[in-house]
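In the UniProt record's numbering, the protein residues as written are 1 to 1193.
Dropping the structure here:
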């Protein structure tokens, strides 16, 4: 019978599922288990039932696919994965699919000897009537081990279906990500099927994107790249000569002696460019992760310095697998779409503990607007620096901060242990001032002779007092028509200091005609206080808005936005206070960005620029109040703009291409951010906000649709077809307390309206912890039992984020703490998993159930142990939590605490009698997980408690193998005193030394080689040695260490005749080649079974240096190399460890290329690329059938 076609689309999925289910039921009808296998029968029945339930849940019923089927099935990639899994299940159970490892019955001579067949060639014959009986007999005669393997394989396939398209998760990705990071190593040898390549290919990129979103990382900006590009060659080098800086930059500098370095200096001293230079140096010199964040008053994060930590975490997880696993694990343990500040701080510390010696750089901290506590963020500079200090205490992390010397920053930084400081002086930067001055003069005065230019540039450098910004602002005064004397007089008459220089520009603005002056004020206001830099087209419309206009005066928009318009109508009014960035070659004029010339310009303007209708407070101590006034002004202007009918007429919510819509995205998405910069007392702004939320207004519906399309489009249940939420929901979501009061008290909106949309005002207010809004909603009759998205009740949302006062208010109103959301999370789960001890205690006072588990089998104790919340764990144990209860995957609280390295939690659980020998469903013990993750202290305590070091998981991994493979030296040292050093990993025949050598873990390799019981030349199933893997990976130091211990394997050939030299040559590892050739004993002309020599490989892949070294060695040793050997012209393929690769040639197999797979060798994880197959490359067994896997491209 021909296998089900792989071209089945979503419409044919139901038929494929029915065929698959029939195959499963046939197995069920004739399986014949003895008494000793009844547990297998029960497991098979359970998984068959899970398969049936999955089909119903995703919309397959009675052989048809519902129109309301699971949305994930409309994803082409997920559909492809589901299709392959169903084909695998159908073939596995029927015994006729090409995924079963079997050779079809062939007549003698039907196929040539040693010919491996593709899927099409291996098609089974039509079954005879007696075939089913034969299969029944075959099933019954299988040994117990084989039956166990089959049942486990079937269970894993069904689990994959649930993971790819989860009936309990609309995104269909949350559960799959729980095991994607470990999928490849855990599934090796698991059964008679491969891990689907699409899972492995998409895991890293998809997971990282998800994690960045969850972390709440700020949008990328170009500050670092701009700083690198602006730096002139040869500048900033002086900083590397200062002893305090030089010592701090050393890789081995102990963190406790200099954990915090603060470089400070006055405004305009080029600190950002200098910081970028230091980031370059650190990134190129350190082997450990380096993360940076350049904070600016014109970009996201200016109000919240914790954005830096969010960005740091995201950068480190991109550089470290250990960090990726820590963050990913935390993501899976969290139930929220985003992270709270407390979660970020806790996660940051966990990353620092998992990844030693990280370096973090923060520039522009003085540009952060949070100097005092604010209502929106509850953030102060001192608080931020205090929490950062607590996070890095007792870690090896180091931090570099570059800023001005503000008292709030000094107060926070001087409390760090190992604090050191360097203050930039004018003398430090004088040489760089001269270089920068010369570049300006050469650009502006190319018509002057060299002596004149040198004289002018030197005069400017001497006058600037270290301020690069002062130099930059001279550009407009360097005119070609002026003679030397005039230019010198202009420089001498220019006021010293930035404020005096700004005064000169301001006086020019004040002298303009009233209309022009108002335009200049408007340009400066938008440039200084917009949440991000506006484009030229956006600011063109922005400056036309006023309080008294009923529509946008489109007649005042220029005929063309070009360089002339920018020069005369933008820069011409504001002088050198603003800049337009983006070159003619890089961007069109309308898309260039408007920036203040320097952050100090904003501070200057706060005491100068008049507000619409009123003068600003000019006392310097009231600048914060002035900024609040300016933000209220921009909020009103944005609201005025989106009230114009022209903005919304016949224009899709994502189209801003025509005149009259250029500013729409900024205005619609920023007015509420401007309005909530501080608690507004502006009555006109309050009236404008209330007017917007009048649902009888056309603006309301247009803005709501824009908001859902642009802001909430990534959130569930916000599509155009879903029921819109109440205006109260949006007001509560945006923290608009005054609007909520208006809607509940004046408009008397029902807080429970449109609850079926899954977006209720009370739930979002509880989630955000806005007690004032919550109380108004409760007074207005909000139902505390009404659930929001995914069944989450308000008290569950508040408990998750630790808002004790909100929790108490909801409890007083009768909130039910036993109600779980769609995933089975109760308020106690939410509070326990996030470490909110006070909330946990409050819930227990109301009788919370400590034993309840969610749909994954996670108890409150499990989630608290997983996240390392020690005090919460203690309280849960006092309340009767059961330490032996495992989740659906067999993970116990001790297991997850050991996996995460939470030593104190592990100690408490062991004191309470936790069983250290219990393994999860895949055979992983707490000791194995702790060894794999490198948690030395946890490993120590588990060993003291009697953990068995020899116990392997279902895939044959022991603690020593995992620690060696992951490069955890101290754990390896601890284990080697008790472990079998030459234990062979069953699926591959490899040892701990082999894995450490391949991974490039030199310290681990040297530690293992120091033990006399280790076998340095062990062979795996493909006859590959540790030396072969080290050579293949380019790990020269390891190659030398192995040769020094035992050089016997120097020319050992693998199953295909390849040697270590051949492996290094094909990869182009020059240093390894040199070391191997230095032995003068290595065979440089050996051929593999396909006749390929090291020289052939080097020439084929264009490694010219390797070719040269081989030819020189041959000449020196009088060995004639075959330089005439034909080298085919092929597409060069590299080895990317994130994709599958050919086990013959070791190069990657692209997802758009077909390949052959053996389902027997290496536990079913053996692939052969097309090139190798065509030249005779096969697997390790002559009788094995290779199955053709078609391209997924």
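Think of the CB as a built atom: it goes at the ideal place given N, C-alpha and C, for glycine as much as any other residue.
If I follow the unbroken alpha helix (DSSP H) through residue i, where does it start and stop?
i, result
"residue 703", "698-710"
"residue 992", "992-999"
"residue 683", "683-692"
"residue 767", "761-768"
"residue 510", "498-510"
"residue 1052", "First-last for residue 1052: undefined, no H or E at that position."
"residue 430", "426-444"
"residue 1080", "Neither: residue 1080 is in no alpha helix (DSSP H) and is coded neither H nor E."
"residue 941", "936-944"
Of the residues the options, which one's Cα is nearest the Cα of residue i?
i, options, result
"residue 852", "818, 14, 440 and 317", "818"
"residue 906", "536, 870 and 258", "870"
"residue 741", "759, 155, 758 and 770", "770"
"residue 1122", "1071, 1095, 1143 and 1078", "1095"
"residue 859", "844, 833, 345 and 874", "833"
"residue 986", "1101, 831 and 1160", "1160"
"residue 625", "664, 682, 589 and 661", "682"
"residue 939", "916, 474 and 594", "916"
Name the DSSP bridge partner or partners of residue i?
i, result
"residue 579", "595"
"residue 262", "401 and 421"
"residue 983", "Residue 983 pairs with nothing; no bridge assigned."
"residue 1148", "1141"
"residue 363", "294 and 402"
"residue 1087", "Partner(s): none; residue 1087 has no beta bridge."
"residue 1275", "Coverage of the chain is limited to positions 1 through 1193, which leaves residue 1275 absent and any answer about it impossible."
"residue 60", "65"
"residue 628", "Partner(s): none; residue 628 has no beta bridge."
"residue 535", "593"
How would you call residue i, buried or exposed, if buried means at least 16 neighbouring beta carbons within 10 angstroms?
i, result
"residue 324", "buried"
"residue 633", "buried"
"residue 62", "exposed"
"residue 930", "buried"
"residue 112", "Because the pLDDT at residue 112 is just 32, under 50, the model does not fix this residue reliably, and the point stays unresolved."
"residue 515", "exposed"
"residue 496", "exposed"
"residue 999", "buried"
"residue 1173", "buried"
"residue 20", "buried"
"residue 1079", "exposed"
"residue 385", "buried"
"residue 36", "With a pLDDT of 41 at residue 36, under the threshold of 50, the predicted position of this residue should be treated as unreliable, though the coordinate-derived value follows. Exposed: under 16 other Cβ atoms inside 10 Å."
Taking the beta strand (DSSP E) that residue i belongs to, which residues open and close that run?
i, result
"residue 1167", "1166-1169"
"residue 796", "Note, residue 796: premise wrong, no beta strand (DSSP E); alpha helix (DSSP H) at 794-801."
"residue 1156", "1155-1158"
"residue 1187", "1186-1189"
For residue i and chain C, any beta-carbon pair shorter than 7 Å?
i, result
"residue 347", "Chain labels in this structure do not include chain C; a single protein chain is all it has."
Are the region 221-232 and the region 310-322 in contact at 8 Å, needing three or more beta carbon pairs? In short, these stretches do not touch, since the Cβ pair count stays below three.
Pairs of beta-carbons, one from the region 421-437 and one from the region 208-216, closer than 8 Å: are there three or more? Too few Cβ pairs lie closer than 8 Å, so no.
Does the region 698-705 come within contact of the region 735-749, defined as at least 3 CB pairs closer than 8 Å? The region 735-749 and the region 698-705 do not touch, with fewer than three beta-carbon pairs separated by less than 8 Å.
For the region 399-407 against the region 359-370, do three or more pairs of beta-carbon atoms, one drawn from each stretch, fall closer than 8 Å, so that the two count as touching? In this structure the region 399-407 touches the region 359-370; the number of beta carbon pairs closer than 8 Å is three or more.
Any contact between the region 1012-1025 and the region 1050-1065? By contact I mean 3 or more CB pairs, one from each, below 8 Å. Short answer: they touch.
Cβ contact (3+ pairs, closer than 8 Å) linking the region 509-517 and the region 548-565: Taking 8 Å as the limit for Cβ pairs, the verdict is that the region 548-565 does not touch the region 509-517.
The region 894-909 contacting the region 285-294, beta-carbon criterion three pairs below 8 Å: With the cut-off at 8 Å, the region 894-909 and the region 285-294 do not touch.
Should the region 596-608 be called in touch with the region 546-555, which here means at least 3 C-beta pairs below 8 Å? In the pairwise beta carbon analysis, the region 596-608 is classified as not touching the region 546-555: fewer than three pairs are separated by under 8 Å.
At a cut of 8 Å, does the region 234-244 reach the region 316-332 through at least three beta carbon pairs? As far as the Cβ criterion goes, the region 234-244 does not touch the region 316-332, which means the pair count is below three.
Using 8 Å as the cut-off, can you tell me whether the region 743-752 makes contact with the region 782-789, which would need three or more C-beta pairs spanning the two stretches below that distance? A contact exists between the region 743-752 and the region 782-789.
Can we say the region 955-965 touches the region 975-995, given the rule of at least three CB pairs closer than 8 Å? Taking 8 Å as the limit for Cβ pairs, the verdict is that the region 975-995 does touch the region 955-965.
Tell me whether the region 261-272 and the region 406-420 touch, counting them as touching only if at least three CB pairs, one residue from each stretch, are closer than 8 Å. For the pair of segments examined, the region 261-272 was found to touch the region 406-420: the number of CB pairs separated by less than 8 Å reaches three.
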